[in-house]
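What follows is a set of notes on a single structure, which appears directly below.
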(Lines of atoms letter the chains of each structure in order from A and count residues from 1; the text may use other names and numbers.)
(Lines give C-alpha, C1' and ligand atoms only; values in the text may rest on other atoms or scores of the structure.)
Protein backbone atom coordinates (compact mmCIF):
# COMPACT_ATOMS: atom_id res chain seq x y z
CA UNK A 1 0.00 0.00 0.00
CA UNK A 2 1.53 3.38 -1.00
CA UNK A 3 2.67 5.72 1.75
CA UNK A 4 0.10 8.58 1.97
CA UNK A 5 2.86 11.10 2.70
CA UNK A 6 4.73 10.02 -0.43
CA UNK A 7 1.50 10.46 -2.40
CA UNK A 8 1.26 13.91 -0.86
CA UNK A 9 4.82 14.73 -1.96
CA UNK A 10 3.98 13.73 -5.51
CA UNK A 11 0.91 15.98 -5.43
CA UNK A 12 3.05 18.79 -4.00
CA UNK A 13 5.61 18.46 -6.78
CA UNK A 14 2.99 18.23 -9.52
CA UNK A 15 0.64 21.02 -8.42
CA UNK A 16 2.87 23.32 -6.35
CA UNK A 17 6.34 22.79 -7.81
CA UNK A 18 8.03 22.10 -4.47
CA UNK A 19 10.17 19.07 -3.65
CA UNK A 20 9.17 18.52 -0.02
CA UNK A 21 7.19 19.84 2.92
CA UNK A 22 8.44 21.74 5.91
CA UNK A 23 8.82 19.56 9.03
CA UNK A 24 5.70 21.02 10.69
CA UNK A 25 3.69 20.53 7.49
CA UNK A 26 4.79 16.89 7.29
CA UNK A 27 3.60 16.26 10.84
CA UNK A 28 0.23 17.85 10.14
CA UNK A 29 -0.20 15.92 6.89
CA UNK A 30 0.53 12.57 8.54
CA UNK A 31 -2.27 13.21 11.02
CA UNK A 32 -4.75 14.47 8.44
CA UNK A 33 -4.05 11.70 5.93
CA UNK A 34 -4.33 9.20 8.78
CA UNK A 35 -7.90 10.33 9.44
CA UNK A 36 -7.23 12.01 12.80
CA UNK A 37 -8.83 15.25 13.89
CA UNK A 38 -5.97 17.73 13.86
CA UNK A 39 -5.23 21.16 15.29
CA UNK A 40 -2.34 22.95 13.61
CA UNK A 41 -0.88 26.23 14.84
CA UNK A 42 1.49 27.43 12.13
CA UNK A 43 2.58 31.07 12.40
CA UNK A 44 2.21 33.50 9.51
CA UNK A 45 4.18 32.22 6.53
CA UNK A 46 4.12 28.66 7.84
CA UNK A 47 2.23 27.25 4.86
CA UNK A 48 -1.19 26.47 6.34
CA UNK A 49 -3.11 26.14 3.06
CA UNK A 50 -0.89 23.28 1.89
CA UNK A 51 -2.09 21.33 4.93
CA UNK A 52 -5.59 20.99 3.50
CA UNK A 53 -5.12 21.54 -0.24
CA UNK A 54 -2.71 18.63 -0.65
CA UNK A 55 -4.87 16.23 1.43
CA UNK A 56 -7.81 17.20 -0.79
CA UNK A 57 -5.85 15.80 -3.74
CA UNK A 58 -4.71 12.64 -1.96
CA UNK A 59 -7.97 11.76 -0.21
CA UNK A 60 -10.19 12.38 -3.22
CA UNK A 61 -13.81 13.34 -2.74
CA UNK A 62 -14.71 16.79 -1.44
CA UNK A 63 -12.83 18.89 1.10
CA UNK A 64 -14.94 21.70 2.57
CA UNK A 65 -12.88 24.70 3.67
CA UNK A 66 -14.38 27.19 6.11
CA UNK A 67 -12.94 30.68 5.74
CA UNK A 68 -14.03 34.00 7.30
CA UNK A 69 -13.42 36.37 4.37
CA UNK A 70 -14.82 36.39 0.84
CA UNK A 71 -11.66 38.00 -0.53
CA UNK A 72 -9.53 35.29 1.08
CA UNK A 73 -11.73 32.57 -0.41
CA UNK A 74 -11.60 34.11 -3.86
CA UNK A 75 -7.82 34.43 -3.76
CA UNK A 76 -7.32 30.85 -2.62
CA UNK A 77 -9.75 29.47 -5.21
CA UNK A 78 -8.01 31.40 -8.00
CA UNK A 79 -4.61 30.12 -6.83
CA UNK A 80 -5.86 26.52 -6.54
CA UNK A 81 -7.46 26.56 -10.00
CA UNK A 82 -4.25 28.00 -11.48
CA UNK A 83 -2.44 24.99 -9.98
CA UNK A 84 -4.85 22.56 -11.59
CA UNK A 85 -6.89 21.83 -8.45
CA UNK A 86 -10.69 21.77 -9.02
CA UNK A 87 -11.94 24.40 -6.56
CA UNK A 88 -14.84 26.79 -6.08
CA UNK A 89 -16.41 28.99 -3.44
CA UNK A 90 -20.01 29.73 -2.54
CA UNK A 91 -20.44 33.37 -1.54
CA UNK A 92 -23.10 36.05 -1.59
CA UNK A 93 -21.30 37.72 -4.48
CA UNK A 94 -21.99 34.91 -6.96
CA UNK A 95 -24.61 35.29 -9.66
CA UNK A 96 -27.43 32.77 -9.93
CA UNK A 97 -25.74 31.17 -12.93
CA UNK A 98 -22.48 30.83 -10.98
CA UNK A 99 -24.26 29.25 -8.01
CA UNK A 100 -25.95 26.74 -10.32
CA UNK A 101 -22.61 25.93 -11.92
CA UNK A 102 -20.99 25.26 -8.53
CA UNK A 103 -23.98 23.13 -7.48
CA UNK A 104 -23.72 21.04 -10.65
CA UNK A 105 -19.99 20.51 -10.06
CA UNK A 106 -20.72 19.38 -6.51
CA UNK A 107 -23.35 16.85 -7.56
CA UNK A 108 -21.08 15.44 -10.26
CA UNK A 109 -18.18 15.05 -7.83
CA UNK A 110 -15.96 17.34 -9.87
CA UNK A 111 -14.73 19.55 -7.02
CA UNK A 112 -11.89 18.81 -4.63
CA UNK A 113 -12.10 22.07 -2.67
CA UNK A 114 -15.23 24.03 -1.75
CA UNK A 115 -14.71 27.26 0.22
CA UNK A 116 -17.59 28.59 2.31
CA UNK A 117 -18.21 30.90 5.25
CA UNK A 118 -19.45 29.33 8.51
CA UNK A 119 -22.87 30.91 7.95
CA UNK A 120 -23.07 29.42 4.46
CA UNK A 121 -21.99 25.98 5.69
CA UNK A 122 -24.78 25.95 8.27
CA UNK A 123 -27.30 26.32 5.42
CA UNK A 124 -25.39 24.08 3.02
CA UNK A 125 -24.82 21.10 5.35
CA UNK A 126 -28.40 19.76 5.21
CA UNK A 127 -28.40 20.19 1.41
CA UNK A 128 -25.21 18.16 1.07
CA UNK A 129 -26.63 15.61 3.49
CA UNK A 130 -29.80 15.32 1.41
CA UNK A 131 -27.78 14.88 -1.77
CA UNK A 132 -25.71 12.12 -0.19
CA UNK A 133 -22.49 14.14 -0.42
CA UNK A 134 -20.21 13.35 2.50
CA UNK A 135 -16.98 15.37 2.54
CA UNK A 136 -13.71 13.54 2.98
CA UNK A 137 -12.33 16.39 5.11
CA UNK A 138 -13.49 19.56 6.85
CA UNK A 139 -10.81 22.26 7.04
CA UNK A 140 -11.35 25.25 9.33
CA UNK A 141 -9.06 28.11 8.37
CA UNK A 142 -8.37 30.96 10.83
CA UNK A 143 -9.68 28.62 13.51
CA UNK A 144 -8.96 31.07 16.35
CA UNK A 145 -12.24 32.73 15.29
CA UNK A 146 -14.09 29.80 16.88
CA UNK A 147 -12.61 30.35 20.34
CA UNK A 148 -15.09 32.14 22.58
CA UNK A 149 -12.25 33.62 24.63
CA UNK A 150 -10.07 34.36 21.60
CA UNK A 151 -9.04 37.79 20.37
CA UNK A 152 -11.04 37.54 17.13
CA UNK A 153 -14.13 35.59 18.21
CA UNK A 154 -16.87 35.19 15.59
CA UNK A 155 -20.09 33.64 16.90
CA UNK A 156 -20.88 32.06 13.52
CA UNK A 157 -17.87 29.77 13.96
CA UNK A 158 -19.60 28.17 16.95
CA UNK A 159 -22.10 26.55 14.55
CA UNK A 160 -19.40 24.45 12.90
CA UNK A 161 -19.69 21.49 15.25
CA UNK A 162 -23.38 21.10 14.41
CA UNK A 163 -22.69 21.47 10.69
CA UNK A 164 -19.87 18.94 10.90
CA UNK A 165 -22.16 16.36 12.47
CA UNK A 166 -24.77 16.94 9.76
CA UNK A 167 -22.07 16.24 7.18
CA UNK A 168 -21.44 12.83 8.74
CA UNK A 169 -18.66 13.97 11.07
CA UNK A 170 -15.77 13.88 8.59
CA UNK A 171 -12.22 14.22 9.96
CA UNK A 172 -11.40 17.87 10.56
CA UNK A 173 -8.26 19.97 10.51
CA UNK A 174 -8.32 23.33 12.29
CA UNK A 175 -5.60 25.80 11.33
CA UNK A 176 -4.56 29.10 12.84
CA UNK A 177 -1.52 31.34 12.89
CA UNK A 178 -1.74 32.30 16.56
CA UNK A 179 -3.42 30.63 19.51
CA UNK A 180 -2.57 30.44 23.18
CA UNK A 181 -2.90 27.06 24.94
CA UNK A 182 -6.27 28.18 26.31
CA UNK A 183 -7.57 29.11 22.85
CA UNK A 184 -6.29 25.82 21.42
CA UNK A 185 -8.33 23.89 23.98
CA UNK A 186 -11.42 25.94 23.16
CA UNK A 187 -11.03 25.28 19.42
CA UNK A 188 -10.84 21.53 20.00
CA UNK A 189 -13.92 21.50 22.26
CA UNK A 190 -15.95 23.67 19.90
CA UNK A 191 -15.29 21.37 16.93
CA UNK A 192 -16.06 18.21 18.89
CA UNK A 193 -12.56 16.77 18.92
CA UNK A 194 -12.45 13.77 21.27
CA UNK A 195 -10.20 14.53 24.29
CA UNK A 196 -6.87 12.74 24.02
CA UNK A 197 -7.60 11.42 20.52
CA UNK A 198 -6.81 14.39 18.31
CA UNK A 199 -3.40 15.57 17.16
CA UNK A 200 -1.91 18.98 17.99
CA UNK A 201 0.98 20.29 15.93
CA UNK A 202 2.72 23.54 16.76
CA UNK A 203 5.13 25.39 14.54
CA UNK A 204 7.62 27.69 16.24
CA UNK A 205 6.46 31.25 16.89
CA UNK A 206 10.08 32.40 16.71
CA UNK A 207 10.73 33.77 13.23
CA UNK A 208 14.42 34.49 13.45
CA UNK A 209 14.57 36.76 10.39
CA UNK A 210 12.36 39.35 12.11
CA UNK A 211 13.80 42.08 14.33
CA UNK A 212 11.48 43.50 16.99
CA UNK A 213 11.72 46.97 18.47
CA UNK A 214 9.71 49.67 20.24
CA UNK A 215 10.13 53.43 19.80
CA UNK A 216 8.81 55.44 22.73
CA UNK A 217 7.27 58.77 21.67
CA UNK A 218 6.01 61.66 23.84
CA UNK A 219 3.29 62.94 21.49
CA UNK A 220 1.71 62.58 18.05
CA UNK A 221 4.17 64.92 16.34
CA UNK A 222 7.05 62.81 17.60
CA UNK A 223 5.20 59.69 16.49
CA UNK A 224 5.04 60.98 12.91
CA UNK A 225 8.69 62.02 13.05
CA UNK A 226 9.70 58.56 14.22
CA UNK A 227 7.72 56.96 11.39
CA UNK A 228 9.31 59.20 8.76
CA UNK A 229 12.74 58.38 10.16
CA UNK A 230 12.03 54.65 9.92
CA UNK A 231 10.84 55.02 6.35
CA UNK A 232 13.91 57.07 5.39
CA UNK A 233 16.09 53.97 5.61
CA UNK A 234 16.29 51.09 3.19
CA UNK A 235 12.96 49.59 4.26
CA UNK A 236 11.03 50.88 1.29
CA UNK A 237 8.40 48.13 1.08
CA UNK A 238 6.37 48.62 4.23
CA UNK A 239 3.01 48.28 5.94
CA UNK A 240 1.92 50.78 8.58
CA UNK A 241 -0.93 49.62 10.81
CA UNK A 242 -3.14 52.37 12.25
CA UNK A 243 -6.04 52.03 14.72
CA UNK A 244 -8.88 53.78 12.86
CA UNK A 245 -10.03 54.61 9.35
CA UNK A 246 -9.58 58.33 9.99
CA UNK A 247 -5.99 57.94 11.16
CA UNK A 248 -5.30 55.69 8.19
CA UNK A 249 -6.53 58.32 5.71
CA UNK A 250 -4.72 61.22 7.40
CA UNK A 251 -1.47 59.30 7.76
CA UNK A 252 -1.51 58.17 4.13
CA UNK A 253 -1.95 61.80 3.02
CA UNK A 254 0.95 62.90 5.22
CA UNK A 255 3.20 60.20 3.79
CA UNK A 256 2.27 61.08 0.20
CA UNK A 257 3.08 64.72 0.97
CA UNK A 258 6.45 63.54 2.31
CA UNK A 259 7.21 61.92 -1.04
CA UNK A 260 6.21 58.32 -0.41
CA UNK A 261 4.12 56.17 -2.74
CA UNK A 262 1.46 55.39 -0.15
CA UNK A 263 -2.26 54.64 -0.01
CA UNK A 264 -4.81 53.86 2.73
CA UNK A 265 -6.60 50.54 3.13
CA UNK A 266 -9.60 49.99 5.40
CA UNK A 267 -13.05 48.41 5.39
CA UNK A 268 -14.76 51.74 4.72
CA UNK A 269 -13.32 51.95 1.21
CA UNK A 270 -15.15 50.44 -1.74
CA UNK A 271 -14.21 46.90 -2.68
CA UNK A 272 -12.84 48.19 -5.99
CA UNK A 273 -10.58 50.72 -4.28
CA UNK A 274 -9.30 48.16 -1.80
CA UNK A 275 -8.59 45.78 -4.66
CA UNK A 276 -6.75 48.48 -6.62
CA UNK A 277 -4.62 49.36 -3.59
CA UNK A 278 -3.75 45.73 -2.92
CA UNK A 279 -2.87 45.10 -6.57
CA UNK A 280 -0.67 48.22 -6.69
CA UNK A 281 1.17 47.09 -3.55
CA UNK A 282 1.65 43.53 -4.79
CA UNK A 283 2.93 44.85 -8.13
CA UNK A 284 5.37 47.32 -6.46
CA UNK A 285 3.52 50.39 -7.72
CA UNK A 286 3.13 51.38 -4.07
CA UNK A 287 5.86 51.27 -1.44
CA UNK A 288 3.56 51.74 1.53
CA UNK A 289 0.11 50.73 2.61
CA UNK A 290 -1.35 52.44 5.67
CA UNK A 291 -3.99 50.07 6.93
CA UNK A 292 -6.35 49.08 9.67
CA UNK A 293 -6.64 45.45 10.73
CA UNK A 294 -8.74 44.92 7.56
CA UNK A 295 -5.38 44.47 5.78
CA UNK A 296 -4.68 41.10 7.29
CA UNK A 297 -5.87 37.62 6.41
CA UNK A 298 -4.74 36.46 3.01
CA UNK A 299 -2.30 39.32 2.35
CA UNK A 300 0.67 37.57 0.81
CA UNK A 301 3.54 39.83 -0.24
CA UNK A 302 6.82 38.11 0.57
CA UNK A 303 9.21 41.09 0.36
CA UNK A 304 7.76 43.43 3.00
CA UNK A 305 10.83 44.73 4.82
CA UNK A 306 9.15 46.80 7.51
CA UNK A 307 5.91 46.63 9.49
CA UNK A 308 5.20 49.59 11.75
CA UNK A 309 2.39 49.83 14.27
CA UNK A 310 1.37 53.46 14.66
CA UNK A 311 0.09 52.81 18.16
CA UNK A 312 -0.21 49.98 20.67
CA UNK A 313 -2.36 47.11 19.31
CA UNK A 314 -5.06 45.77 21.65
CA UNK A 315 -3.72 42.19 21.81
CA UNK A 316 -0.45 40.28 21.41
CA UNK A 317 -2.28 37.98 18.97
CA UNK A 318 -3.16 40.80 16.58
CA UNK A 319 0.32 42.31 16.92
CA UNK A 320 2.03 39.01 16.16
CA UNK A 321 -0.15 38.30 13.13
CA UNK A 322 0.21 41.79 11.67
CA UNK A 323 3.94 42.06 12.37
CA UNK A 324 4.27 38.65 10.75
CA UNK A 325 3.41 40.17 7.35
CA UNK A 326 7.07 41.20 7.25
CA UNK A 327 9.84 39.04 5.86
CA UNK A 328 7.80 36.19 4.47
CA UNK A 329 10.58 35.60 1.94
CA UNK A 330 12.89 34.63 4.80
CA UNK A 331 15.04 37.73 4.42
CA UNK A 332 15.77 40.33 7.10
CA UNK A 333 12.80 42.49 8.12
CA UNK A 334 11.90 44.84 10.97
CA UNK A 335 8.79 45.02 13.14
CA UNK A 336 8.55 48.31 15.03
CA UNK A 337 5.94 49.58 17.47
CA UNK A 338 5.54 53.32 18.01
CA UNK A 339 4.42 53.52 21.62
CA UNK A 340 3.26 56.39 23.75
CA UNK A 341 2.67 55.77 27.47
CA UNK A 342 -1.08 56.02 27.75
CA UNK A 343 -1.84 54.17 24.50
CA UNK A 344 -3.21 51.29 26.56
CA UNK A 345 -5.63 53.62 28.33
CA UNK A 346 -7.38 54.32 25.02
CA UNK A 347 -8.05 50.60 24.61
CA UNK A 348 -9.33 50.37 28.18
CA UNK A 349 -11.78 53.19 27.49
CA UNK A 350 -13.01 51.32 24.45
CA UNK A 351 -13.83 48.37 26.70
CA UNK A 352 -16.46 50.57 28.36
CA UNK A 353 -18.27 50.55 25.00
CA UNK A 354 -17.55 46.97 23.99
CA UNK A 355 -18.21 45.46 27.41
CA UNK A 356 -20.35 47.91 29.41
CA UNK A 357 -20.50 47.45 33.18
CA UNK A 358 -23.11 44.89 34.23
CA UNK A 359 -25.42 47.54 35.83
CA UNK A 360 -25.58 49.26 32.44
CA UNK A 361 -26.48 45.97 30.75
CA UNK A 362 -29.12 45.25 33.37
CA UNK A 363 -30.73 48.64 32.78
CA UNK A 364 -30.80 47.97 29.03
CA UNK A 365 -32.34 44.57 29.71
CA UNK A 366 -35.07 46.10 31.83
CA UNK A 367 -35.76 48.75 29.22
CA UNK A 368 -36.46 46.09 26.60
CA UNK A 369 -39.57 45.11 28.57
CA UNK A 370 -40.87 48.68 28.59
CA UNK A 371 -41.17 49.05 24.83
CA UNK A 372 -44.89 49.90 24.80
CA UNK A 373 -44.27 53.52 25.78
CA UNK A 374 -41.64 54.11 23.10
CA UNK A 375 -42.16 55.69 19.69
CA UNK A 376 -42.83 53.12 16.98
CA UNK A 377 -39.31 52.90 15.52
CA UNK A 378 -37.73 52.52 18.95
CA UNK A 379 -40.46 50.10 20.01
CA UNK A 380 -39.69 47.86 17.03
CA UNK A 381 -35.98 47.93 17.85
CA UNK A 382 -36.70 47.08 21.47
CA UNK A 383 -38.97 44.24 20.40
CA UNK A 384 -36.22 42.76 18.25
CA UNK A 385 -33.86 43.02 21.21
CA UNK A 386 -36.42 41.38 23.49
CA UNK A 387 -36.89 38.47 21.07
CA UNK A 388 -33.14 37.98 20.83
CA UNK A 389 -32.55 38.15 24.57
CA UNK A 390 -35.64 36.04 25.39
CA UNK A 391 -36.18 37.15 28.98
CA UNK A 392 -38.79 34.43 29.45
CA UNK A 393 -35.91 31.98 29.76
CA UNK A 394 -35.13 33.42 33.16
CA UNK A 395 -32.43 35.59 34.74
CA UNK A 396 -29.47 36.46 32.55
CA UNK A 397 -26.04 35.13 33.45
CA UNK A 398 -23.71 38.09 32.97
CA UNK A 399 -20.71 35.96 33.92
CA UNK A 400 -19.52 35.43 30.32
CA UNK A 401 -19.63 39.19 29.72
CA UNK A 402 -17.48 39.79 32.79
CA UNK A 403 -15.09 37.04 31.71
CA UNK A 404 -14.70 38.38 28.17
CA UNK A 405 -13.96 41.82 29.56
CA UNK A 406 -11.42 40.40 32.02
CA UNK A 407 -9.63 38.60 29.22
CA UNK A 408 -9.65 41.69 27.01
CA UNK A 409 -8.12 43.69 29.87
CA UNK A 410 -5.50 40.97 30.31
CA UNK A 411 -4.53 41.16 26.64
CA UNK A 412 -4.20 44.94 26.78
CA UNK A 413 -2.00 44.58 29.86
CA UNK A 414 0.17 41.98 28.12
CA UNK A 415 0.66 44.24 25.11
CA UNK A 416 1.45 47.23 27.33
CA UNK A 417 3.95 45.10 29.25
CA UNK A 418 5.62 44.17 25.96
CA UNK A 419 6.05 47.86 25.10
CA UNK A 420 7.28 48.88 28.56
CA UNK A 421 9.45 45.84 29.22
CA UNK A 422 13.19 46.14 29.76
CA UNK A 423 13.90 42.51 28.81
CA UNK A 424 13.90 40.63 25.51
CA UNK A 425 11.01 41.57 23.20
CA UNK A 426 11.15 38.26 21.37
CA UNK A 427 10.97 36.16 24.54
CA UNK A 428 8.03 38.23 25.75
CA UNK A 429 6.12 37.81 22.50
CA UNK A 430 6.62 34.11 21.85
CA UNK A 431 6.38 33.38 25.57
CA UNK A 432 2.83 34.71 25.49
CA UNK A 433 1.98 31.79 23.18
CA UNK A 434 3.61 29.28 25.50
CA UNK A 435 6.97 28.87 23.75
CA UNK A 436 10.34 29.23 25.49
CA UNK A 437 13.44 30.60 23.75
CA UNK A 438 17.09 29.79 24.39
CA UNK A 439 18.38 32.92 22.68
CA UNK A 440 17.21 36.07 20.94
CA UNK A 441 17.81 36.39 17.21
CA UNK A 442 17.15 40.11 17.21
CA UNK A 443 15.44 42.85 19.23
CA UNK A 444 16.23 46.33 20.52
CA UNK A 445 16.61 45.13 24.12
CA UNK A 446 19.16 42.42 23.39
CA UNK A 447 20.99 44.36 20.72
CA UNK A 448 21.31 41.22 18.64
CA UNK A 449 21.36 41.36 14.87
CA UNK A 450 18.83 39.30 13.00
CA UNK A 451 20.34 36.19 11.44
CA UNK A 452 18.19 34.84 8.58
CA UNK A 453 17.66 31.08 8.84
CA UNK A 454 18.87 28.76 6.08
CA UNK A 455 16.17 28.59 3.45
CA UNK A 456 15.63 26.30 0.48
CA UNK A 457 13.46 27.43 -2.43
CA UNK A 458 12.31 23.82 -2.76
CA UNK A 459 10.33 23.86 0.51
CA UNK A 460 6.63 24.61 0.44
CA UNK A 461 5.80 28.00 1.93
CA UNK A 462 2.11 28.33 1.13
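Numbering (our numbering), first residue to last: 4 to 465.
No residue lacks a Cβ here, since even glycine has one placed at the ideal position from N, Cα and C.
{"Query": "Looking only at C-alpha atoms, which of 278, 216 and 410 sits nearest to residue 444?", "Result": "216"}
{"Query": "Mapping DSSP to helix, strand and coil, what is residue 287?", "Result": "coil"}
{"Query": "Look at the Cβ atom of residue 173, then the Cβ atom of residue 131, and state whether they are nearer than 7 Å.", "Result": "no"}
{"Query": "Using DSSP with H/G/I as helix, E/B as strand and the rest coil, what is residue 147?", "Result": "helix"}
{"Query": "Starting from the C-beta of residue 346, find all residues in its chain whose C-beta is less than 7 Å away, skip the five residues before and the five after it, and write them out in chain order.", "Result": "314 and 315"}
{"Query": "Identify, in the order they occur along the chain, each residue of the same chain with its Cβ nearer than 8 Å to the Cβ of residue 448, setting aside the five sequence neighbours on each side.", "Result": "424, 425, 426, 427 and 428"}
{"Query": "Find the nearest neighbour of residue 194 within the set 260, 212, 159 and 86, judged by alpha-carbon distance.", "Result": "159"}
{"Query": "Is the CB-CB distance between residue 272 and residue 265 below 7 Å?", "Result": "no"}
{"Query": "At which residue ranges does the stretch 104–139 contain complete alpha helix (DSSP H) runs of 4 or more residues, listed in the order of the chain?", "Result": "121–133"}
{"Query": "Going by other Cβ atoms of all chains shown within 10 Å of its Cβ, with 16 needed for buried, is residue 51 buried or exposed?", "Result": "buried"}
{"Query": "Which runs of the alpha helix (DSSP H) spanning at least 4 residues fall entirely within the stretch 254–288, listed in chain order?", "Result": "274–285"}
{"Query": "Quick test of the definition: if touching needs 3 or more C-beta pairs under 8 Å, does the stretch 56–64 touch the stretch 241–261?", "Result": "no"}
{"Query": "What whole-angstrom Cβ distance do residue 229 and residue 190 have, given they're in contact under 8 Å?", "Result": "The Cβ separation is near 38 Å, so there is no contact."}
{"Query": "Between the alpha carbons of residue 354 and residue 22, how many angstroms are there, rounded?", "Result": "49 Å"}
{"Query": "Which residue comes first and which comes last in the alpha helix (DSSP H) that contains residue 402?", "Result": "402–423"}
{"Query": "Can you tell me whether residue 137 is buried or exposed? The criterion is at least 16 other CB atoms within 10 Å of its CB, across all chains shown.", "Result": "exposed"}
{"Query": "Measure the C-alpha to C-alpha separation of residue 239 and residue 340 and round it to an integer number of angstroms.", "Result": "17 Å"}
{"Query": "Could you pull the start and end residues of the alpha helix (DSSP H) that residue 215 belongs to?", "Result": "From DSSP, residue 215 is part of no alpha helix (DSSP H) but of the beta strand (DSSP E) over 213–219."}
{"Query": "From what residue to what residue does the beta strand (DSSP E) around residue 66 run?", "Result": "66–69"}
{"Query": "Counting Cβ pairs closer than 8 Å, one from the stretch 26–41 and one from the stretch 169–187, do we hit at least three?", "Result": "yes"}
{"Query": "Report the CB separation of residue 163 from residue 124 in whole angstroms; it is logged as a contact under 8 Å.", "Result": "7 Å"}
{"Query": "Give me whichever residues DSSP pairs with residue 342 in a beta bridge.", "Result": "219"}
{"Query": "With contact counted as at least three CB pairs below 8 Å, one residue from each stretch, are the stretch 164–171 and the stretch 110–129 in contact?", "Result": "yes"}
{"Query": "Quick check on this structure: which residue in 77, 197, 68 and 201 has the alpha carbon closest to the alpha carbon of residue 33?", "Result": "201"}
{"Query": "Going by the DSSP bridge assignment, what does residue 350 pair with across the sheet?", "Result": "Answer is none; residue 350 lacks a bridge partner."}
{"Query": "State whether the stretch 92–106 contacts the stretch 291–311, with contact taken as three or more CB pairs (one from each stretch) at a distance under 8 Å.", "Result": "no"}
{"Query": "Can you tell me whether DSSP reads residue 395 as helix, strand or coil?", "Result": "Since pLDDT at residue 395 reaches only 49, below the 50 mark, its modelled position is unreliable, and no value is offered."}
{"Query": "Assuming contact is defined by CB atoms lying nearer than 7 Å, are residue 204 and residue 31 in contact in what I supplied?", "Result": "yes"}
{"Query": "Note down the Cα distance separating residue 262 from residue 344, rounded to an integer number of angstroms.", "Result": "30 Å"}
{"Query": "Out of 114, 77 and 25, which one is the CA nearest neighbour of residue 96?", "Result": "77"}
{"Query": "So, are the CB atoms of residue 312 and residue 415 less than 7 Å apart?", "Result": "no"}
{"Query": "Would you mind working out which of 13, 161 and 211 sits nearest residue 47, comparing C-alpha positions?", "Result": "211"}
{"Query": "At the level of alpha carbons, what is the spacing between residue 268 and residue 6?", "Result": "46 Å"}
{"Query": "Nearest by alpha-carbon distance to residue 71: which of 156, 319 and 199 is it?", "Result": "156"}
{"Query": "What are the residues that DSSP puts in a beta bridge with residue 244?", "Result": "294 and 312"}
{"Query": "Identify which residue in 286, 436, 81 and 133 has its Cα closest to the Cα of residue 324.", "Result": "436"}
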